[in-house]
Structures are given as structure tokens and as C-alpha cells.
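Working notes for the structure below.
2 protein chains.
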Amino acid sequence: MSQWENYLQENFDRFLQELLDFLRIPSVSALPEHAQDVQRAAEWTAKRLQSAGLEKVQVLSTGGHPVVYGEWLHAKGKPTVMIYGHFDTQPADPLELWTHPPFEPTIEGDRIYARGATDDKGNLLIPIVAVEALLQTEKALPVNIKFLLEGQEEIGSPQIPDFVAEHRDLLACDFIYSADGSLWGENQPAIYISMRGICALQIDVQGPKHDLHSGAYGGTVQNPIHALVQLLVSMRGPDGRITVEGFYENVLPMTREDQEKMAAIPFDEEAFKKEIGVDELFGEPEYTPWERIGVRPTLELNGIWGGFQGEGTKTIIPSEAHAKITCRLVPNQDPRKVLDCIEAHIIKNRPKGVRINIQKGGAYAKPYAVPMDHPAVQAAHRVFEELYGVAPYYVRGGGSIPICSTFLDELQAHTVTFCFGLPDEQAHAPNEFFRLSSFRKGQKAYVLLLKHLGAANG
Amino acid sequence: MSQWENYLQENFDRFLQELLDFLRIPSVSALPEHAQDVQRAAEWTAKRLQSAGLEKVQVLSTGGHPVVYGEWLHAKGKPTVMIYGHFDTQPADPLELWTHPPFEPTIEGDRIYARGATDDKGNLLIPIVAVEALLQTEKALPVNIKFLLEGQEEIGSPQIPDFVAEHRDLLACDFIYSADGSLWGENQPAIYISMRGICALQIDVQGPKHDLHSGAYGGTVQNPIHALVQLLVSMRGPDGRITVEGFYENVLPMTREDQEKMAAIPFDEEAFKKEIGVDELFGEPEYTPWERIGVRPTLELNGIWGGFQGEGTKTIIPSEAHAKITCRLVPNQDPRKVLDCIEAHIIKNRPKGVRINIQKGGAYAKPYAVPMDHPAVQAAHRVFEELYGVAPYYVRGGGSIPICSTFLDELQAHTVTFCFGLPDEQAHAPNEFFRLSSFRKGQKAYVLLLKHLGAANG
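Shown next as C-alpha cells:
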């Protein structure tokens, strides 16, 4: 057994105690009364980076919750790798559903129960411990390392894009590993090679200045709900294809490799339908469900309202109707251009007899992808294969992680997920937990990753 | 001046004091705490019928608020005319908007302010007073008279259809005048010769069993809001024409006379648009606004809801979406058949990937019309012309008065409005009032009406 592996084994109990300490800090970024706790978690993280042997460790202010930075840059000629994670947590409510208090971490068998255990404190501590093991046993790292750990991920990282733009030199790196996320299953690693972007808008339809009696006025004026549904239907065909002109304009077609990688991920349609409670799936028929999630954009109606919603009948022509829309976008769609297309479509298809207002904005992220042959992907692939005995799935995620495109735009560096959460660990839900076995396996994985990167590059 | 006219003039102050007494009873049928007041109003009305000289006066129970009946049936060979009205009122709230307490009637100039003044206590007292004047001065009436006055009109007369069906013999008559309603304007009488029917339904669309993350699931399942709007749009063309198969099947085409009568009613499009606050009117282009209100059915979306309605963005595929629909119907549409057509349309056009539930019911009324050449219409016409110096408008009302079709179905008798409210008198709103001049003019009009009917018939 190598020295670093020995070190990880001998110090495992200490690392675990440290994780428990870390989890006791209720660093809930969404709740103003916990702002000091987020600050404490930043200071705890900074201290931990220092004790691991990192240099220039700083708690940096952002205008909101802080960021923690640390570096070790003595691997001359080797790449600079940044590790990203976050020390803030989701709120814990509903408290009554927790079997253990959320900020009194409890170990049961292989599980540590606490808010933030898997998302993201357990995952975040793994690379710190890995770096410490190497610095303690080998006095050096195989590559240059920077840590960027933030305290506002759970509220959408509002100040982080500006922070990254203002600290381009400090954060300059070749690529980034994100220690925030999860694998496919306990025995099946995964690398997220793309995430969809997002853009949002609200449509407000204004008809008569107040609700009208549907008898006295019915037949003389446009009904704002009719006008709204007409407009919404004009945006999507009955097969799910979006009919807004220009919507698909910059969508990259699937490559054969994309198709193969997605086909390699099992999809149990019956289990999927049962999980969500539908009788049949729906979407562009020429794509598989994974393809529709991974490489196809959507235009989804998130909410609609207008007129009477109570029990019984209210015989009105309502004054207003509203709808909320978000689009999930894929490379190389531009969220701003997509919003412009939708706006142009609405203006062109405006129903008669109503006034229409469009509020663009809300959720916003560019789509993000890392090439499958990127060296950071390939290094992660090799480590996963070595540790798990199977090749990782290359997953095209349907959700959005805005920071990946921020890093790409500002630092010209791609981000690859390398993290050890598992999908059943109740992130964002009561009774969140992290596996001790993942905590242990991840430490070894990160050391191997850094060694691979050092050996392969420079 | 004839004796009856003298009698009306000499007793006007007493009639006015009686009206004030009547208005002091807070007979709000919607509020259980006022049930005793509705009963008191019934007893007041019965006593007043008795003192006017009517016979067999009774307060009859219905299972809900009571009905008052009275008759005078000694005009052998003459028609039997029933007079309809109601002694219950709308609630008075919002109280703070009343300049006088709603149940402390106050006279200011030509106006009596009180809840129920125009709707319908002032209007209801008019024919009672007219009958009294004739019985006092001529010891007989020109026709047979029955009064059916009810206490539940403002809550939709739930027990009245059954009551009428169970009292067919007692209520048998040749035709009915309704003392509930209004004229066109102070100098312009009107006769409502038709009212639209109504039917109602709710559509419930069920998608996934709970809201889904629009990133993780977007592209795999039907969005219930998309499904709903698709269904709703399939029911109406962009020009306002309803596209539900069979919807127009029994609609009577307009006659040339219909068209002429409707064209005679002025329509100031600019004032109408300004009143309701729209830039343009909307509806089947081959009909005028009056025609669309009077002789064309509608399918109106009264309410819609589903998913997120708050500030900002919530990136979900919602679990459910709902819409409320009412149709206004014209002769000879049958509300039940129209609901069946809509149900069949929904089943035929069901979007994929969701479950749909249809709740039929809520507001319900058959469309109603009285022939323009009906003797009751012609008698009203002549009286109005004599008193106002102009022919009444023949109005096809857009709203629904369910009792008219109940009378037609159960008693084979048509109903004609003969009443003296005016559209500006704040029925159902704060500061409701009735005009003293209308109270006076109406009394004379009812005597003339009965005399015309007696002279023309038998």
C-alpha cells in the first residue's frame, strides 16, 4: 500500500470527525438569520484548506455570501486544476420529517445523516483530504491546484459570475473539477458532459379593464384566456415540437458518438412511468427519452392563471390571463436569442382584441458541454474505470448549472464533475445523508485523479 | 282624470311610506342569519297583497325561503295573468361604500337609497298598488290576476323549479309579467324578448403525480398545461367561432324582423370600448355586437389555473391544470346536449400523455324567448308607447333568467318583462336606489296594461 493510501486510512477517523464538525454549522444560505453561519462555514473551510497545506488561503467577499480560495502552484510545467464546491446548504424544513436533527450529524451504519452531508460538505471535504494526504506523504502535488469554494450555490450563486469576472487572474486554470453532484449508482460512475441552459419569460394578457358579466358582454370582446391559450398553442405542435420560428436554429445535431453514449445508459420506461405516475411518455417521437432530456431543447409552461379558480361557477369574462414559460436549451443555443425569437413569435401571432406584455428574465443560464475527448474527462474516466471496474456513463444532464458556462466564458476552462454523492441521498430533502464508503472511496479517487493528470500532462 | 288615477295620486305618500317599511327589512337571502328577515318580508308582502284586495293570499313553504301567492279570479272569460317578482335582496357589503345605511332607506330628491330599492322591492310593490287602485275604484280587475312572489331569486331560486312543478294548478295562467328588471333608459322603454341559456363545466387535466423538475424531466412527459391549452384552442377558431362539433346544431337563424329590431337599438362602439377598456371588439365577424349578444351562443373560458403563479421562476412541469367554461346558449339549444357535444369533443381531441376529467354542472338554464307578436308583448308595447311616446326596444338579453323557461316548461306560459328599474340604479352594488318618478310612472303603466289586456282579450 502506498504511503498516501496509508495516510488516508490512518487518518480516516479524524477526517470523519472533521466532517461532523463541518456539518454542525447550519450554513443555510437562503435564510438571512443564518448569514453568520455561512460566514463561519467559510472560515472553517479556509482553516481546513490551510491545515491541508494550501497556500494564500483567503475568505473573499462577493457582496453576498463569501468565497474561499486556496492554492498550491509549485508543479512547474504541469496543468493548473481548479476544484469547485460549496459550503452552504439548503434549508432544513420541513423539520418534522427528519428522524435526526438536521444539524446534529448522526452516523448509522454506512450513513451520516445531516443537512449538507451529500450536498455538498461531504463531497467538498474529499479533495481537501486528498490534497493533504499527498502533501503530507509526498511533500508535493502532481499538478497545480486551486480551490474555489463558494457559499451561495443553493441560492443560485447570484454574485459568483461577477466575482469570477473580477478575479480572472486569480482563478486562471486549465480546467475545473466540480466536487458538487452525484454518480449514477453505487456501482456505476458517471460524468456529466453537458447541461442544458435555461431562459424564462412571463406573458401577461390584458383584456377588459375589469371582469365582465359573461351574459351581458359575451360575444363582444376577446376573452384574455382564449387569447392566451391560442398564443401558447401556436408555440408547440401536438407532437411536442416547438413551432417558434428560429427556436431550433443553433441546436447542434447529435453525433453518432452522442447517440451511442446515450443508448448505453439503461432506461426502464415502465419504472420511469410508474415513478412519475403517467400512462405514457411524451415528446418529439424521433428521439429517445435520454436524447430528449440531453440534446433537445424544451419550451415548458410552468404556470398559467386567469379568472375564477374557486368552487362552482363564476360567469365572467376575466380581465387578465398570465403564463410562465421556461425553455431548457442545448448547445449552441443562446438564451437571449431564444427569448428574442419567442418575443417575435408573440408579436407576429398576437391574438386580436387584447394587449400583450412580455416580461423576459428570471432563470438564466447558457447551455454547457465539455468535449468527450477533453483530457479532464479522460482522466476522470480512467480513475472511475480503475476504481469501479466499469466505464462511467457519459450523461447529458437535463438541468442547468450556470457556473459551468461562467467558468468557460470568463476563464476559458471546461468543468467536469468528479464527485461521489448518490441519487438516493435525499439532497434538498429531509434525512439527507452521505455514505461513509463514498467518503472513503472519493478520497482515493481524487488522489488517483491528480496523479493521472500529473503523469499524462506536461 | 279617471278615478283610479286620482286614487294613485292621493295615496302616493302612503305607498311611499309602505315601500320604506318594506325596505327596512334586511331580507338578504344569501345569509343564513337573515333567514328570519326573508320570512318577515314574505309576511309583509302577503299582508300587503291582502290589503290590496287579493284573495287566497298564502305564504307557501318551498324547503328553502318561502313564496307568497295571491289571486283575484273574477274576470270571467278574460285571460289569467301572473305577476312575478321577489322580496329577497342581495347582501349589502361592502358596507363602507354606502353613503346611507343600506337598510335605513333615505330619500334624496327623486331617489330612494336602500338595498333592494330597485331590485326588486320598488318594482314589486308597483303592480300590487295598481291592483289596489283598480279594486278600490272599480271593484273589479279587467283580467284575472295571480301573484307569485319569491324569496330566493338572489341565490338562483334553487327550490322554485320544483315548487312550480308541484303547484301547476295553482299557478296555471295564460302568461306572466315579470316585475323584476329594468328599462333601457329614463326615456326609452324596453321589452326583453329573449334571454340566453347557460351551461357549465370544468376540465381537469392530470399529468405526473407531482410537479417535476423541468430540467431532469423536460422532454419526456406531456405538460398538463400544454395539453389543456391545446384542448381549449381546439374548441374555438381565432375568429371566435366555436369549433365543437354539433355546438351550433339547433341554433335558430335570425329572422329579418330580429335583425331589424336589433339594428334599431343604438350601439355606440367607441363608448362601449371605452367603458370596458379595450382597443377593439371581438367576435364572429358576420354578426353585429347586439346580434352576438342576443342570438349567438358563446363558449367562454371563465378561469384557468395550473402550476406556479408566484413572483419569479419555478422550473417545474406541473402536475395538474384546470379550466372553467360556461356557454351562453340561444334558442333552441339544449344545455344538456351542448354539454354532451363538448364532452364528445374533449374525448375525441384528448391530448396524449395526460388523463382528463370533465365535471359537468354548475350554472344551468335553458335559453328563453317569447314571440314578438305574443299578446303580452303587444300589450306591453302599446302601454310603453303611450306613456313614453316612443316604441320600446325589443332586446335580446345576453344573460340568463332560469325562471322564464321554468314557467314555459311547467305552465306553458310565456314571461314578458314589465318593470321600471333603470340601468344606473346600482342593483347588486353599494348605494342601490330607485326613482320616485319610476315608482309613480310604473303604477299608472300597470293599470293601463291590465286595462289593455282586458279590452283586447275575451
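Chains as they are written, first to last, in the numbering used here: chain A, 184 to 641; chain B, 184 to 641. Note that CB positions come from ideal geometry on N, CA and C, so glycine has one too. Note that the structure is a prediction, hence the values are computed from the model and not measured.
Item: Residues that I476 of chain A contacts on chain B, provided the C-beta gap is smaller than 9 Å; Value: G398, A399, Y400, G401, G402 and T403
Item: Neighbour flag for E483 of chain A against chain B, beta carbons, 8 Å; Value: yes
Item: Below-8 Å beta-carbon distance, N370 of chain A vs any chain B residue; Value: no
Item: Distance, S210 of chain A Cα to S377 of chain A Cα; Value: 29 Å
Item: Interface flag, N406 of chain A vs chain B, CB-CB below 8 Å; Value: yes
Item: Residues near P534 of chain A by beta carbon distance below 7 Å, same chain, minus five either side; Value: Q405, A410, Q413 and L414
Item: Boundaries of the alpha helix (DSSP H) in which R197 of chain B is found, first to last residue; Value: F195 to L206
Item: Coarse secondary structure for N306 of chain A, derived from DSSP in three states; Value: helix
Item: Beta-carbon proximity of R298 of chain B to Q335 of chain B, cut-off 8 Å; Value: no
Item: Cβ pair count under 8 Å reaching 3, the region 532 to 548 of chain A against the region 376 to 394 of chain A; Value: yes
Item: Bridge partner(s) assigned by DSSP for K329 of chain A; Value: A:E254 and A:M265
Item: Contact set for S340 of chain B: own chain, Cβ-Cβ below 7 Å, skip 5 residues either direction; Value: E333, P585 and I586
Item: Minimum Cβ-Cβ distance from G390 of chain A to chain B less than 8 Å; Value: yes
Item: Limits of the unbroken beta strand (DSSP E) element including G490 of chain B; Value: T481 to G490
Item: Start-end ranges of the alpha helix (DSSP H) lying completely within the region 340 to 369 of chain A, minimum 4 residues; Value: 343 to 349 and 351 to 354
Item: Within-8 Å CB hit, K507 of chain A to chain B; Value: yes
Item: S377 of chain A in three-state terms, based on DSSP; Value: strand
Item: Beta strand (DSSP E) segments (min. 3 residues) lying fully within the region 550 to 601 of chain A; Value: 576 to 580 and 597 to 600
Item: Proximal residues to P468 of chain A (C-beta, below 7 Å), its chain only, five neighbours per side dropped; Value: D422
Item: Cα-Cα separation, E216 of chain B to Q222 of chain B; Value: 12 Å
Item: Straight-line Cα distance separating G489 of chain A from I266 of chain A; Value: 47 Å
Item: Of the listed residues B:L605, B:Q626 and B:F590, nearest to D352 of chain B (C-alpha basis); Value: B:F590
Item: Cut-off 8 Å between Cβ atoms - residues of its own chain near A362 of chain B, not counting five sequence neighbours on either side; Value: I266, Y267, G268, D303, N306, L307, I309, P310, F601 and C602
Item: S340 of chain A at chain B interface by Cβ criterion, 8 Å; Value: no
Item: Closest Cα partner of L199 of chain A within the set A:L632, A:S621, A:G637 and A:H597; Value: A:S621
Item: Proximity test, G339 of chain B beta-carbon vs the ligand ATP heavy atom, cut-off 7 Å; Value: Among the components of this structure there are no ligands whatsoever, and the ligand ATP is therefore not found.
Item: CB of N485 of chain B within 8 Å of CB of P277 of chain A, strictly; Value: no
Item: Identity of the residues DSSP links to C510 of chain B by a beta bridge; Value: B:C382 and B:L482
Item: Neighbourhood of L522 of chain A by C-beta distance below 7 Å, restricted to the same chain and skipping five residues each side; Value: C382, L384 and K543
Item: Within-8 Å CB hit, I499 of chain A to chain B; Value: yes
Item: Under the three-state DSSP convention, the category K627 of chain A falls into; Value: helix
Item: Where the region 573 to 594 of chain B meets chain A: residues whose CB sits under 9 Å from a CB there; Value: G580, G581, G582 and S583
Item: Reference E193 of chain A; option with closest CA among A:A638, A:L631 and A:R623; Value: A:R623
Item: Identity of the residues DSSP links to I499 of chain B by a beta bridge; Value: B:H396
Item: DSSP-derived helix/strand/coil call for H217 of chain A; Value: helix
Item: Chain-ordered neighbours of G536 of chain B on chain A, where CB pairs are closer than 8 Å; Value: V461, D462, E463, L464 and F465
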